Structures are given as structure tokens and as C-alpha cells.
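Chemist: So the sequence lines, in the order shown, correspond to chains A and B.
Per numbering that gives the first Met the number 0: the first sequence ends with 172, consecutive numbering throughout.
Per numbering that gives the first Met the number 0: the second sequence ends with 96, consecutive numbering throughout.
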Amino acid sequence: MTIEPFWMQVNESDLRQGDYLINCFVPISLFEAHNLEEQEVEVQERDLIVLTQSCDLENRKTRLVSLYLISTLPEFEAVNPDFTKKGKWNEVRKGRVEGLHLLASPVNPEDSRGALVVDFREIYSLPFNYLTQHATQLENRWRLKSPFLEHFSQTFARFFMRVGLPSGVPEFK
Amino acid sequence: MTIIHLPHPTSTETRQLLLIREQPGLPQFQSQERQRLVKVTEQIWQTLTCSEKLLNTLADDEEIQHNSVPPKRVFTMKVRYRLTGRMQPQPYLLEDE
Numbered sequence: 000m001t002i003e004p005f006w007m008q009v010n011e012s013d014l015r016q017g018d019y020l021i022n023c024f025v026p027i028s029l030f031e032a033h034n035l036e037e038q039e040v041e042v043q044e045r046d047l048i049v050l051t052q053s054c055d056l057e058n059r060k061t062r063l064v065s066l067y068l069i070s071t072l073p074e075f076e077a078v079n080p081d082f083t084k085k086g087k088w089n090e091v092r093k094g095r096v097e098g099l100h101l102l103a104s105p106v107n108p109e110d111s112r113g114a115l116v117v118d119f120r121e122i123y124s125l126p127f128n129y130l131t132q133h134a135t136q137l138e139n140r141w142r143l144k145s146p147f148l149e150h151f152s153q154t155f156a157r158f159f160m161r162v163g164l165p166s167g168v169p170e171f172k
Numbered sequence: 000m001t002i003i004h005l006p007h008p009t010s011t012e013t014r015q016l017l018l019i020r021e022q023p024g025l026p027q028f029q030s031q032e033r034q035r036l037v038k039v040t041e042q043i044w045q046t047l048t049c050s051e052k053l054l055n056t057l058a059d060d061e062e063i064q065h066n067s068v069p070p071k072r073v074f075t076m077k078v079r080y081r082l083t084g085r086m087q088p089q090p091y092l093l094e095d096e
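Shown next, in the form of C-alpha cells:
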């Protein structure tokens, strides 16, 4: 079976939903309100994927861009050994694990071990101008193609709009 | 008076028994004893099926937890905060037709 490529390569400063931006700097401010002078801030380097809608980015309707954490499977498995068990990634692939979404490898979509995992529980907001500059510096980078982009966006929407009920209709016997 | 009795068992041995679901319509199950046996077997069968369903449901509903991937690199930098006062809402352009 041939796997349709999920990604296309771009080399531009413009940002779109589904842009895969490696090595982004994420400042984690502890923000001690009593001391507004000089403080130390932790900066984390992370690989992220853009969540903000392309139309909002195109029209510069937003100062801050929303992004999710995206990782390789070995990176994810290093902190989640349970996912090395047989069948776990297939559960994610079928959309049965909330908060996680699989995207095929940009270089070899046929290789399932080269897939990338998006963690919907890790959302960051970074300034539009910083990301535009960073995207320019990256030169060649990956952008998620349609309809994989819409599917990715829809999976997040489904995750975000979950409603927990105190109880449900009893099981039919 | 000394009572002689067997020592308490130190371990529990579980014996696996194969539960065969009887077919009440068959001629060999026409006797009253057999009919009662069929009824009891059926009750056990129904109870076990419910328990099995419940266990499956629990396994399906169990939310798979995961940890966040650590950053590729972490460093610290000194920043100077500047209080700019209360922020105003961002301008919202209405696209009237």
C-alpha cells in the first residue's frame, strides 16, 4: 500500500496552520510578582507544530501563535515506556488515545516508526514576530498537507470539546 | 480435650473447571435433575458473561496516561520585566459587507 505524503517542504517566512517548526525557544517565566526587576527565566528548546488557523495568521489577526509539542516516537517512548508495548501505537493511530495524534514521517511516510506524535495537552503561545523570524532562519521546513491538516485540526477540536458527565445511560444487557 | 484437626492451608490452590453450557432441548436432559443442572449452569454462565463484559468495559475506559516529552535543551537567561500597565483589548475590525 502506498502512503500519501502528509507533508510538503516549504522555504518561506509565512506561517500556516500545520507548520512544523523545530528548535523553538519557549520561555518559562516563574514571574515573581514581588520582584519585577531582573529575574532568571528558563528557556526550553522544543519542536512545535502550529495550531492557529492559517486565515488568522495570513491576516495577522493574532499577536500570539498557538503551537503544540511534536516529538518522534523514540523521544516519546523514553518518558513513556508503556508505549513500547506491542499495539499501543496502533491504539493512537486509530484515535483511541485522547490527547495524542500521529502524523506520518515527513521523509519516509511508509515507515511507521518514523512517525511523529503530537501532544494536545502541551499547548504554547509564542509571539508571531518571533516565529516568523525563526521560520525564516530554518529555511527548508515541513508543512502539513490537506486533508491531513484538517484531520489534525479536527482531532484537536474533538479533544478540546470533550464533556465529562457525572453519569451516563446504563449499559444495555 | 485435644481436638485433632488438619492444619490451616498456607496457600490457595485454584482449580480450573471447564463450564459447558448445557442444551436443554436435548433428550438426555429431560430428567428433573438434569433440568435443574441446566438451570444452574445457565445462571452461572449469565453471571460470568456480565462480569466479563464489565472487565472489558473497565479496560476500554481506562484512560491511558502519558508524560510530557522533556525539552531538547534548557538554558536560563536574565530578563528585566517592565510593567506597562493594564492592557487594552486588541482592535477588532468588523468586516461589514
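Just so it is clear, CB atoms sit at the ideal spot from N, CA and C, and this is done for glycine as well.
Please read these numbers as outputs of a predicted model, since none were measured by experiment.
1) Looking only at C-alpha atoms, which of A:TRP88, A:ALA103 and A:TYR67 sits nearest to LYS144 (chain A)?
2) Using the beta-carbon of each residue, which ones in chain B are nearer than 7 angstroms to GLU138 (chain A)?
3) Using a 10 Å radius around the Cβ and a threshold of 16 neighbouring Cβ atoms, would you call GLN42 (chain B) buried or exposed?
4) Which of the three DSSP states is assigned to THR75 (chain B) in this structure?
5) Quick one: is PHE75 (chain A) near chain B, going by C-beta distance under 8 angstroms?
6) Using 8 angstroms as the Cβ pair cut-off and three pairs as the minimum, do the region 35-45 of chain A and the region 5-17 of chain A touch?
7) Is it buried or exposed, GLY17 (chain A), if we count other Cβ atoms within 10 angstroms and call 16 or more buried?
8) Around the Cβ of TYR67 (chain A), are there at least 16 other Cβ atoms within 10 angstroms (buried) or fewer (exposed)?
9) Based on Cα-Cα distance, which residue from B:GLN31, B:SER30 and B:GLN89 lies nearest to LEU63 (chain A)?
10) Apart from the five residues just before and just after GLU41 (chain A), which ones in its own chain have a Cβ nearer than 7 angstroms to its Cβ?
11) Given a cut-off of 8 angstroms on the beta-carbon distance, is the pair VAL116 (chain A) and VAL78 (chain A) in contact?
12) Throw me the rounded Cβ distance for the ARG59 (chain A) and CYS23 (chain A) pair, which I believe falls under 8 angstroms.
13) Measure the CB-CB distance between ARG15 (chain A) and ARG140 (chain A) and report whether it falls below 8 angstroms.
14) So, does the CB of ASN107 (chain A) fall closer than 8 angstroms to a CB anywhere in chain B?
15) Cα separation between ALA134 (chain A) and ILE48 (chain A)?
16) In or out: ILE2 (chain A) buried (at least 16 other Cβ within 10 Å) or exposed?
17) ARG85 (chain B) versus chain A: which residues are under 7 angstroms apart at the beta carbon?
18) Mapping the DSSP letters down to three states, classify HIS150 (chain A) as helix, strand or coil.
19) Between the C-alpha atoms of ILE122 (chain A) and ALA156 (chain A), what's the straight-line distance to the nearest angstrom?
20) Just tell me which of A:VAL106, A:ASN128 and A:GLY167 has its CA closest to the CA of THR177 (chain A).
21) State yes or no: is the beta carbon of VAL96 (chain A) nearer than 8 angstroms to at least one beta carbon in chain B?
22) HIS65 (chain B): which of A:GLU76, A:LYS85 and A:GLU57 sits nearest, CA to CA?
23) Does GLU32 (chain B) come out as helix, strand or coil in the three-state DSSP assignment?
24) Check PHE24 (chain A) in the structure and name its three-state DSSP category.
25) According to DSSP, is PHE171 (chain A) part of a helix, a strand, or is it coil?
Modeler: Let me lay it out:
1) The residue with the shortest Cα to Cα distance from LYS144 (chain A) is A:ALA103.
2) Within 7 angstroms Cβ-Cβ: nothing; GLU138 (chain A) doesn't reach chain B, min ~19 angstroms.
3) Burial call: exposed.
4) When DSSP states are grouped into helix, strand and coil, THR75 (chain B) belongs to the strand group.
5) Yes - at least one Cβ of chain B is within 8 angstroms of the one on PHE75 (chain A).
6) No, because fewer than three Cβ pairs between the region 35-45 of chain A and the region 5-17 of chain A fall closer than 8 angstroms, the two stretches do not touch.
7) So GLY17 (chain A) ends up on the buried side.
8) That one is buried.
9) Nearest of B:GLN31, B:SER30 and B:GLN89 to LEU63 (chain A), Cα basis: B:GLN89.
10) Excluding residues up to 5 positions away in sequence, ILE27 lie with their Cβ nearer than 7 angstroms to the Cβ of GLU41 (chain A) in the same chain.
11) Going by C-beta atoms, VAL116 (chain A) is not nearer than 8 angstroms to VAL78 (chain A).
12) Actually they do not touch by this definition, with Cβ atoms about 19 angstroms apart.
13) If you check the CB distance, ARG15 (chain A) and ARG140 (chain A) do not come in under 8 angstroms.
14) For ASN107 (chain A), the answer is no, since every Cβ of chain B falls outside 8 angstroms of its Cβ.
15) Roughly 12 angstroms separates the two Cα atoms.
16) By the neighbour-count rule (16 or more Cβ atoms within 10 Å), ILE2 (chain A) is not buried but exposed.
17) Result: empty, since nearest Cβ-Cβ is about 15 angstroms, beyond 7 angstroms.
18) It is helical.
19) Cα to Cα, the separation comes out at about 13 angstroms.
20) Nothing can be reported for residue 177 (chain A): it is not among the residues displayed for chain A, which extend from 0 to 172.
21) Yes, VAL96 (chain A) counts as interfacial toward chain B.
22) The residue with the shortest Cα to Cα distance from HIS65 (chain B) is A:GLU76.
23) Helix.
24) Three-state result, PHE24 (chain A): strand.
25) Residue state, collapsed to three classes: coil.
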